[in-house]
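Notes follow the structure.
Residue numbers (our numbering): 372 to 461.
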């Protein structure tokens, strides 16, 4: 399952001839291939699947996605589970 959580580009670099970047997901930083979105710039958001950035999101789109995730996590927490259906610790 792909959760499509936006990540913010914090660095862009070349590695082995490929356009790569470090993407920050609320404090967790991963290295991602940016070849599909060569127009992306540091500070912009992207959605990643299987290690590849697939699209560029503007700030408004990213914030809408974060708001939807907050709503989802709050709704399932009210039922006593996380987003994967695991019981929350009390």
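Note that the Cβ used here is the ideal one computed from N, Cα and C, for glycine as well.
Asked	Found
To test your reading of the DSSP string, which unbroken beta strand (DSSP E) runs of 3 or more residues are found completely within the stretch 393-420?	399-404 and 416-420
Excluding the 5 residues flanking residue 454 on each side, which residues of the same chain have their C-beta closer than 7 angstroms to its C-beta?	443, 444 and 447
In the DSSP assignment, the beta strand (DSSP E) including residue 443 goes from what residue to what residue?	Not the beta strand (DSSP E): residue 443 falls in the alpha helix (DSSP H), residues 430-449.
For residue 376 versus residue 411, is the C-beta distance shorter than 9 angstroms?	no
Pick out whichever of 452, 456, 458 and 440 has its Cα sitting closest to the Cα of residue 397.	440
From the DSSP output, in three-state form, read off residue 456 for me.	coil
For a test of the three-state rule: what should DSSP assign to residue 378, helix, strand or coil?	strand
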